[in-house]
Each structure stands twice: as structure tokens, then as C-alpha cells.
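**Q** Here it is, the structure, as C-alpha cells.
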Amino acid sequence: MRTVSGDTRFPTVAPGREPGGSRDGTDPGSGTRSGARGVAGTRLYGTGPEGAGPSDTGPSDTGPDGAEPSDAGLIEASLTVPERFAGVFDRHADEIHAYAGRRLGPEHADDVTAETFLVAFRKRHRYDTSRPDARPWLYGIAGNLISGHRRSEVRRLRALARAPRDAGERGAHEEERGAERASAAALRPALAAALAGLSAAERDLLLLVAWADLSYEEAAEALKIPIGTVRSRLHRVRAKLRRHLDLPEENV
Numbered sequence: 000m001r002t003v004s005g006d007t008r009f010p011t012v013a014p015g016r017e018p019g020g021s022r023d024g025t026d027p028g029s030g031t032r033s034g035a036r037g038v039a040g041t042r043l044y045g046t047g048p049e050g051a052g053p054s055d056t057g058p059s060d061t062g063p064d065g066a067e068p069s070d071a072g073l074i075e076a077s078l079t080v081p082e083r084f085a086g087v088f089d090r091h092a093d094e095i096h097a098y099a100g101r102r103l104g105p106e107h108a109d110d111v112t113a114e115t116f117l118v119a120f121r122k123r124h125r126y127d128t129s130r131p132d133a134r135p136w137l138y139g140i141a142g143n144l145i146s147g148h149r150r151s152e153v154r155r156l157r158a159l160a161r162a163p164r165d166a167g168e169r170g171a172h173e174e175e176r177g178a179e180r181a182s183a184a185a186l187r188p189a190l191a192a193a194l195a196g197l198s199a200a201e202r203d204l205l206l207l208v209a210w211a212d213l214s215y216e217e218a219a220e221a222l223k224i225p226i227g228t229v230r231s232r233l234h235r236v237r238a239k240l241r242r243h244l245d246l247p248e249e250n251v
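If you're matching positions, the sequence shown starts at 0 in numbering that gives the first Met the number 0 and goes up one per residue.
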């Protein structure tokens with residue numbers, strides 16, 4: 000299971016490299032899932048924010064041999080015992096919340112996260128249980144919900160593009176952070192502007208790879224497009240970013 004560190008980084012995707020390593024850059028706006036837990040608990044299980052959330056309901060998710068079931072196993076079990084879906088929420092709510100917060104800001108993250116798991120719960124009977132990891136499916140649902148906030152996302156990126164660098168990151172601290180990291184910090188406004196200039200489809204794919212850390216195959220699954228389209232679209236996006244940021248190919 001992948002964990003979320005709570006950082007909020009701008010994407011950098013190495014050319015010709017499949018995702019899986021760390022990325023650099025910064026962006027404010029990730030939060031916690033506590034608000035999403037309350038909303039999801041109310042919508043899924045009829046509990047209030049103060050009551051038991053999804054993770055507090057139902058039997059243990061551990062099998063007889065002590066091994067944790069896959070996401071597919073939990074989803075399949077939830078068809079007869081709905082409370083088992085809580086395990087999927089607990090595993091992935093943090094990173095869905097962080098992803099929504101990075102793209103739309105904290106004001107939308109709780110609702111997008113809660114709605115993602117509500118939609119997933121309602122459509123769980125359609126899930127392909129041959130796929131043990133539900134992350135691509137969940138990110139696909141979240142992306143569809145985020146698409147309803149396109150204007151908010153672009154406005155946020157343009158605001159970040161206009162924001163000056165924090166004075167606290169300059170001067171004496173810059174030397175400690177190192178030249179490479181200082182250069183990345185200087186590029187944040189330009190990178191935000193570049194992201195705002197991408198099409199919705201290009202931005203969706205780039206951020207699934209760079210922020211959600213999906214592989215090309217997982218991104219294709221999330222977006223319901225062929226993997227060849229993933230590769231060709233990312234190639235075009237990198238070219239756009241190189242032109243916008245005036246960077247050599249190896250720095251995108």
C-alpha cells in the first residue's frame with residue numbers, strides 16, 4: 000500500500016521514464032481526510048461527522064490467515080456486507096484527498112473525496128475484480144468530479160503563477176536548501192502558468208502520473224484510454240512544458 004506524506008509537490012516528469020520515483024516542487028493546499036470522513040460517513044452509512052465513520056463500522060478486514068485482502072477482495076465482499084467497503088476508504092482516502100487538494104485547493108478537497116467514495120460505493124458492482132488495486136479506478140472517479148471544477152482549477156493555477164516567491168525561502172536559507180532545490184522553487188510560478196495553459200485532458204494525464212504516481216498502465220486505466228495514447232500525449236505535454244519553461248529536454 001502506498002502512503003501519502005502530506006507534501007504538496009508540483010510535478011516533474013523525467014522524459015522517457017515511467018513514474019515511480021519522487022517528484023519535486025511545491026504547491027499549497029493539501030489537507031486531511033477528517034472532513035471527508037465525516038461527509039462520507041454521513042452519505043454512505045448514515046452517520047454524522049461526530050459519529051462512527053466508515054472505518055468504524057463492520058467486521059474486521061483481516062482474513063483467517065491474518066493477511067489483508069486486496070482492494071478487489073474488499074469490494075467483492077462489500078457486495079454482501081456493505082461495511083467491508085470501509086477498508087477501501089481507509090486505504091486510499093488520504094491520497095485522494097491530497098490529490099484533490101493539490102488540484103482544487105483545500106476548500107474542495109473534502110467534498111471531492113467524499114463524493115469519490117460515494118460514487119465508488121454505488122458502482123462497486125461494476126468493478127473488475129481481476130484488478131487487485133483500486134487506485135486507478137478511484138482516481139478516474141475523482142478526475143471526473145474534478146472536471147466539474149475546471150474553472151476553479153485554472154484560476155488557482157493562475158493565482159499561483161502570479162504569486163511571488165516566499166521571502167522566507169530566500170537569502171540564507173537558499174544556500175542550505177541547495178542550488179537544485181532553489182532553482183525548482185524559482186520555477187514554481189512559471190510551472191503553474193504552464194499547467195494552466197494545458198488542455199484539461201493533458202493536465203489530467205500529467206497530474207495522474209506526476210502527483211498520483213500512477214504508472215502509464217494505471218493512468219490508461221483511470222482515463223479509459225489506450226496506453227499508446229498515454230505515451231503520445233505525455234510526449235506532447237513535455238514538449239509544451241519545455242517550450243513554456245525554456246528548459247532542455249532532460250529537465251522536464
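All C-beta atoms, glycine included, are put in the ideal place defined by N, C-alpha and C.
Every value quoted in this text rests on a predicted model; they were computed, and no experiment measured them.
Please classify Arg101 as buried or exposed, where buried requires at least 16 neighbouring CB atoms within 10 angstroms.
**A** By 1-based counting over the sequence shown, the position of residue 101 is 102. Arg101 should be labelled buried.
**Q** In whole angstroms, what is the alpha-carbon distance linking Asp109 and Arg130?
**A** As a first step, residue 109 must be located in the sequence shown, where it is residue number 110. As a first step, residue 130 must be located in the sequence shown, where it is residue number 131. Each residue's Cα considered, the two are about 27 Å apart.
**Q** Could you tell me which of Arg121, Ala200, Arg125, Arg134 sits nearest to Tyr98, measuring between CA atoms?
**A** Within the sequence shown, residue 98 is the residue found at index 99, counting from 1. The option with the nearest alpha carbon to Tyr98 is Arg134.
**Q** What would DSSP say about Tyr126, mapped onto helix, strand or coil?
**A** For the purposes of this step, residue 126 is taken as the residue at position 127 of the sequence shown. It is coil, neither helix nor strand.
**Q** Classify Gly30 as helix, strand or coil using the three-state DSSP reduction.
**A** Here the question's residue 30 lines up with position 31 in the sequence shown. Residue placement at Gly30 is poorly supported in this model, since its pLDDT is 43, which falls under 50; the coordinates still yield a value, given next. If DSSP states are grouped into helix, strand and coil, Gly30 belongs with coil.
**Q** Can you give the Cα-Cα distance for Gly177 and Tyr138, rounded to whole angstroms?
**A** In the sequence shown, counting from the first residue as 1, residue 177 sits at position 178. In the sequence shown, counting from the first residue as 1, residue 138 sits at position 139. Because Gly177 carries a pLDDT of 46, less than 50, the predicted location of this residue cannot be relied on, and the following value inherits that uncertainty. Approximately 34 Å between the Cα atoms of the pair.
**Q** Among Ser77, Arg157, Arg237, Asp93, which one has its Cα closest to the Cα of Lys122?
**A** For the purposes of this step, residue 122 is taken as residue 123 along the sequence shown, with counting starting at 1. It is Ser77.
**Q** Expressed to the nearest angstrom, what Euclidean distance is found between the alpha-carbon atoms of Ala71 and Asp245?
**A** For this step, residue 71 is matched to residue 72 along the sequence shown. For this step, residue 245 is matched to residue 246 along the sequence shown. Put simply, the backbone Cα of Ala71 is about 44 Å away from that of Asp245.
**Q** Just to confirm, are His148 and His107 a CB contact at a threshold of 9 Å?
**A** Along the sequence shown, read from residue 1 onward, the residue named residue 148 stands at position 149. Along the sequence shown, read from residue 1 onward, the residue named residue 107 stands at position 108. In this structure, His107 lies closer than 9 Å to His148 by Cβ.
**Q** Return the CA-CA distance between Ala66 and Ala85, expressed in angstroms with no decimal places.
**A** Translated into positions along the sequence shown, residue 66 becomes position 67. Translated into positions along the sequence shown, residue 85 becomes position 86. Approximately 17 Å, taken between the alpha carbons.
**Q** Does the segment 210 to 219 come within contact of the segment 151 to 163, defined as at least 3 CB pairs closer than 8 Å?
**A** no
**Q** Check each candidate in Ala189, Val229, Asp93 and name the one with the smallest Cα separation from Asp203.
**A** If you number the sequence shown from 1, residue 203 lands on position 204. When only C-alpha atoms are compared, the closest one is Val229.
**Q** Within a Cβ cutoff of 6 Å, which residues of the same chain sit near Ala166, ignoring the five residues on either side of it in sequence?
**A** For the purposes of this step, residue 166 is identified with residue 167 of the sequence shown, where counting begins at 1. Per-residue confidence for Ala166 stands at a pLDDT of 43, beneath the threshold of 50, marking its modelled position as unreliable; no derived number is given.
**Q** Flag this pair as yes or no: are the beta carbons of Leu206 and Leu194 separated by less than 9 Å?
**A** Within the sequence shown, numbered from 1, the residue matching residue 206 stands at position 207. Within the sequence shown, numbered from 1, the residue matching residue 194 stands at position 195. Yes. Within cutoff.
**Q** Tell me whether the beta-carbon of Ala119 lies closer than 9 Å to the beta-carbon of Ile140.
**A** Numbered from its first residue, the sequence shown carries residue 119 at position 120. Numbered from its first residue, the sequence shown carries residue 140 at position 141. Yes, Cβ-Cβ distance for Ala119 and Ile140 is below 9 Å.
**Q** Got a sec, what are the start and stop residues for the alpha helix (DSSP H) Ile95 sits in?
**A** On the sequence shown, position 96 is the one that residue 95 refers to. Looking at the DSSP string, the run of the alpha helix (DSSP H) that includes Ile95 is 85 to 103.
**Q** From Glu94, His243, Val236, pick the residue whose C-alpha is nearest to that of Trp210; which is it?
**A** Within the sequence shown, the letter at position 211 stands for residue 210. When each option's Cα is compared against that of Trp210, the closest is Glu94.
**Q** Verify whether the separation of the beta carbon atoms of Glu201 and Arg161 is less than 9 Å.
**A** In the sequence shown, the residue the question calls residue 201 occupies position 202. In the sequence shown, the residue the question calls residue 161 occupies position 162. No, Cβ-Cβ distance for Glu201 and Arg161 is not below 9 Å.
**Q** Consult DSSP for Trp136 and reduce its assignment to one of helix, strand or coil.
**A** Residue 136 sits at position 137 when you count from the first residue of the sequence shown. In this structure, Trp136 counts as helix in the three-state DSSP scheme.
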